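J.:
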Amino acid sequence: SVTPASIGIHDLALATSHYRLDLGALADHQGIDPAKYSVGIGQDVMSVLAPDEDIVTMAAEATARILERNGMDGIRTLLFATESGIDQSKSAGVYVHQLVGLPETVRVVELKQACYSATAALQFAIGLIARDPSQKVLVVASDVARYDLGSSGESTQGAAAAAMLVQANPGLMAVANPAGVFTQDVMDFWRPNYRSTALVDGKGSIKAYLNAIGGAWTDYLNQGGAPFESFASICYHQPFTKMASKAHRHLAVMAGQNPAPAEVADYLADTMRYNRLIGNSYTASVYVALASLLDTHDGDLTGARVGLASYGSGSVAEFFGGVIQPGYRDLLRVQEHRSIIERRIPLDHTAYEVLHKTTLPEDGREYRTAAETTGPFRFAGMGEHMRRYERTT
Ligand code: HMG
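In terms of UniProt numbering, the sequence shown opens at residue 6 and continues consecutively.
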């Protein structure tokens, strides 16, 4: 086979939840200044899943849209990135494979390393396609960020999926070499198997994030990467959008710059629009930022170099660049993304708390979820310890 001129992201579709909580309502309930959230952490709204939604329903929705447009020809692999696993053994991707009707001749596997694993999946996909450029890979990232009620992380919850079709001669972004990587064993954020919410050292996690992104950036330069000034934009992992500003400032200082806060905010604004309204979506977050940049940037980004800075607590970080392809605007899903963000139904604080406290029975008994989602797939419930999914249309 011939080595293709480029490999990267051909199509990118997002999905999120049925409900949302405005952070103003959270601030009111807590009796604090709402500016702590809108300004201090840079978040306005968080996505909240209905009881009949989960990582599978969001992922299936985003993947189905990719397949509606592109068909299934050439797809031999589905890589499912998540840290909100619903089963210790079976990949959530196998449920998605069935729900969207992929053929049996597709391998499916789940990858985990906190918020980072979708980036690993993207690089592994590129490796597979370099070996056989006729193949395409679905990379699907789907997560729900959950912290305890009343904890400092509560305002940084959220949920979304990002599905990408990775192939040779991509329409959106060609992924460039090199990639800079960094791994260090840190306990900044983790979720033991017996917990449904994460544990976090909030302040420590911010330091760990900056340290890891700095390490990945240094490795990127050591591998012969492009200079900082050459990036038209950088999409950072956004647990909350202010974190991207902190990270950008960190790299700018490493590059010998000293940008004012307004300059940083301006440089990153397009990458933050969706995340401000969705909240943390863990593995999907950096690809939500990429969709936000491509969908909402006013000018033409054709030929522009864009950086992706991925971080997963624990911790692994990766920095790599890509080049935006001619004709990319024809492949964007601007209306679709606007509609999934706008159609979410606002919850009052009481209803949000009830949803947060809802847990699945652990004894395997028959359990039906109420039909609430308006998405194309729903988590119908459980029986005999097995999860059941169905189409809504
Ligand atoms: P906190 O301790 O409640 O907040 O929680 P704070 O007191 O530090 O305030 C936050 C910011 O708001 C500060 O600004 C305040 O000054 C400002 P900063 O000093 O950071 O620039 N502020 C105000 N601004 C305007 N008007 C006001 C006002 N009041 C305060 N009235 C924290 C913050 C991020 C620690 C918490 O939300 C948390 O623990 N979140 C979860 C952890 C997290 O998101 N960490 C991020 C890095 S780790 C990561 O990204 C990985 C992750 O995605 C998981 C994974 O990889 O799987 C989390």
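Glycine is no exception: its CB is placed at the ideal position from the N, C-alpha and C atoms. Computed from a prediction, not measured in an experiment: that's the story for all the values here.
Given a threshold of 16 other Cβ atoms within 10 Å of its Cβ, counted over all protein chains shown, does N198 qualify as buried or as exposed?
T.: The residue is exposed, with fewer than 16 neighbouring Cβ atoms inside 10 Å.
J.: Here's the rule I'm using: 16 or more other beta-carbon atoms within 10 Å means buried, otherwise exposed. How should T110 be labelled?
T.: That one is exposed.
J.: So is L107 buried or exposed if we call it buried at 16+ other beta carbons inside 10 Å?
T.: Buried, since its Cβ has 16 or more Cβ neighbours within 10 Å.
J.: Measuring CB to CB, does P9 end up less than 9 Å from P138?
T.: Yes.
J.: Does any heavy atom of ligand 1 sit closer than 8 Å to the C-beta of V44?
T.: It does: the Cβ of V44 is within 8 Å (strictly closer) of some heavy atom of ligand 1.
J.: If you count every other CB in all the chains shown that lies within 10 Å of the CB of I37, and 16 or more means buried, which is it?
T.: I37 comes out exposed.
J.: Please name the residue, chosen from E367, D335 and T378, that lies closest to L177 on a Cα-to-Cα basis.
T.: Among E367, D335 and T378, the Cα nearest to that of L177 belongs to D335.
J.: Cα separation between A40 and R383?
T.: For A40 and R383, the distance between alpha carbons rounds to 35 Å.
J.: In whole angstroms, what is the alpha-carbon distance linking A309 and A237?
T.: The alpha-carbon atoms of A309 and A237 are separated by roughly 6 Å.
J.: Could you spell out where the beta strand (DSSP E) holding N182 opens and where it closes?
T.: Unbroken beta strand (DSSP E) run through N182: M178 to T188.
J.: Starting from the C-beta of N182, find all residues in its chain whose C-beta is less than 6 Å away, skip the five residues before and the five after it, and write them out in chain order.
T.: Nothing listed; no residue qualifies.
J.: How is I37 classed by DSSP in three states: helix, strand or coil?
T.: Residue state, collapsed to three classes: coil.
J.: According to DSSP, is H15 part of a helix, a strand, or is it coil?
T.: Three-state DSSP puts H15 in a strand.
J.: Could you please give the first and the last residue of the uninterrupted beta strand (DSSP E) stretch that includes G163?
T.: Start and end: G163 to A173.
J.: Residues in the same chain with beta-carbon distance under 8 Å from R348, minus the five sequence neighbours each way, listed in chain order, please.
T.: Here the set comprises T379.
J.: Tell me, to the nearest whole angstrom, how far the beta carbon of Q128 is from that of G79; I am working on the premise that it is less than 8 Å.
T.: Actually they are not in contact, since the Cβ atoms of Q128 and G79 sit about 19 Å apart, beyond 8 Å.
J.: Let me check one thing: in DSSP terms, what residues is M387 bridge-paired to?
T.: The partner list for M387 (beta bridge, DSSP) reads Y372 and R392.
J.: What is the rounded straight-line gap between the Cα of A165 and the Cα of Y272?
T.: Computed Cα separation, rounded: 24 Å.
J.: May I have the straight-line CA-CA distance separating D300 from P244, to the nearest angstrom?
T.: Going from the Cα of D300 to the Cα of P244 covers about 20 Å.
J.: For I329, count neighbouring C-beta atoms within 10 Å of its own C-beta (all shown protein chains included) and say buried if the count is 16 or more, exposed if not.
T.: I329 comes out buried.
J.: Beta-carbon of P331 versus every beta-carbon of chain B: anything under 9 Å?
T.: No chain B is part of this structure, which consists of one protein chain only.
J.: Quick one: using the 10 Å Cβ neighbour count with 16 as the cut-off for buried, is I350 buried or exposed?
T.: The residue in question, I350, is exposed, as its Cβ has fewer than 16 Cβ neighbours within 10 Å.
J.: Classify F129 as helix, strand or coil using the three-state DSSP reduction.
T.: Residue state, collapsed to three classes: helix.
J.: With a threshold of 8 Å, are at least 3 pairs of Cβ atoms found where one atom belongs to the segment 270-285 and the other to the segment 245-254?
T.: A contact exists between the segment 270-285 and the segment 245-254.
J.: Bridge partners of W195, per DSSP?
T.: Note: W195 sits in a beta bridge opposite L204.
J.: For R392, which option in R338, D368, A135 and G332 has the closest C-alpha, if you only look at C-alpha atoms?
T.: Here the closest residue by C-alpha is D368.
J.: Mapping the DSSP letters down to three states, classify L360 as helix, strand or coil.
T.: It is helical.
J.: Can you tell me which of the three DSSP states Y121 falls into?
T.: DSSP places Y121 in coil when its eight states are reduced to three.
J.: Tell me which residues share the same chain as S201 and place their Cβ nearer than 8 Å to its Cβ, disregarding the 5 neighbours each side in the sequence.
T.: Contacts found: R151 and T364.
J.: Provide the residue(s) that pair with residue 403 in DSSP beta bridges, ordered along the chain.
T.: Absent from the structure is residue 403, since the part of the chain shown begins at 6 and ends at 398.
J.: Cβ of L19 within 9 Å of Cβ of A130?
T.: No, they are not a contact pair.
J.: Between R112, V145, V149 and G47, which has its C-alpha nearest I91's C-alpha?
T.: If we check each option's Cα against that of I91, V149 comes out closest.
J.: If you count every other CB in all the chains shown that lies within 10 Å of the CB of Y214, and 16 or more means buried, which is it?
T.: It is buried - the Cβ of Y214 has at least 16 other Cβ atoms within 10 Å.
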